[in-house]
Amino acid sequence: MCGIIAIAALGGSDVAIRVKRGLSKLEYRGYDSVGIASVYHGRIYVKKGKGKLSEVDLRLDLSSIPGKLVIGHTRWATHGEPSDINAHPHVDCKSIVAVVHNGIIENYLELKRKLRDRGHKFLSETDTEVIAHLIEEGIEQGLNGLEALKYAIRRIRGSYAIAVLIASEEDKIFFARRLSPLVVGLGKSANYIASDIPAFLEYTRRIIVVHDDEVG
Numbered sequence: 001m002c003g004i005i006a007i008a009a010l011g012g013s014d015v016a017i018r019v020k021r022g023l024s025k026l027e028y029r030g031y032d033s034v035g036i037a038s039v040y041h042g043r044i045y046v047k048k049g050k051g052k053l054s055e056v057d058l059r060l061d062l063s064s065i066p067g068k069l070v071i072g073h074t075r076w077a078t079h080g081e082p083s084d085i086n087a088h089p090h091v092d093c094k095s096i097v098a099v100v101h102n103g104i105i106e107n108y109l110e111l112k113r114k115l116r117d118r119g120h121k122f123l124s125e126t127d128t129e130v131i132a133h134l135i136e137e138g139i140e141q142g143l144n145g146l147e148a149l150k151y152a153i154r155r156i157r158g159s160y161a162i163a164v165l166i167a168s169e170e171d172k173i174f175f176a177r178r179l180s181p182l183v184v185g186l187g188k189s190a191n192y193i194a195s196d197i198p199a200f201l202e203y204t205r206r207i208i209v210v211h212d213d214e215v216g
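Each residue of the sequence shown is one higher than the one before, starting from 1 at the first, in the working numbering.
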């Protein structure tokens, strides 16, 4: 199983630290790679790699990633071997979108072929990367972040729990769910999204379960 933790904070310099702590609470699910992404001053930042959280953190200093919106992921390989490039988060061609995803996109090969035909360049072997490119297409068509996410999920088949950052929307983390667990936590100075409650339980006990086909 994979794990997701995302934090949207009002401020503070410790958001990446809290995401890293959340990832440590999800290690029991099993994983082969780990990564985090943030949006800061209109730019997406990504740090990710193959290995355990402690190993990747030692190499990349995950806590140093800037910003008050941060998403994190632990990956168990399904499509694509365990590697630095196949680790989540994944970005689009222009690095304006970052996505973490649990589940399986059943039609990803068909979508990947169509996206390549339209000029998209892929870096990884994963099914998840098609989501980032589809959201990019929605944004290029003038859609806002929420509508661009809806544009993407209308085109994918399968199971998913998704958290998304968009460079132009520094006050929002977007999410969607179908057939893969996702919960929201409401805090005083931050809100949380995770695949399992323990990822943020030390920060809040106000919890909302995201139901199938909900998008936010």
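We put the CB at the ideal spot given by N, CA and C, even for glycine. These figures come from a predicted structure and were not determined experimentally.
Just list the residues that DSSP pairs Arg75 with in beta bridges. Ser33
C-alpha gap between Ile85 and Arg206, whole angstroms: 35 Å
Same chain, Cβ closer than 8 Å to Asp212, neighbours up to 5 away in sequence not counted: Arg177, Arg178, Leu179
Let's see if you can read the secondary structure: which residues bound the beta strand (DSSP E) around Ser54? Premise fails: Ser54 lies in the alpha helix (DSSP H), 53-60, not in any beta strand (DSSP E).
Is it buried or exposed for Lys188, if we count other Cβ within 10 angstroms and need 16 for buried? exposed
What three-state label does DSSP hand Tyr28 in the structure shown? helix
The region 148-165 / the region 90-109 touching (three or more Cβ pairs under 8 Å): yes
Is it a yes or a no for the region 32-40 touching the region 49-56, going by three-plus beta-carbon pairs under 8 Å? yes
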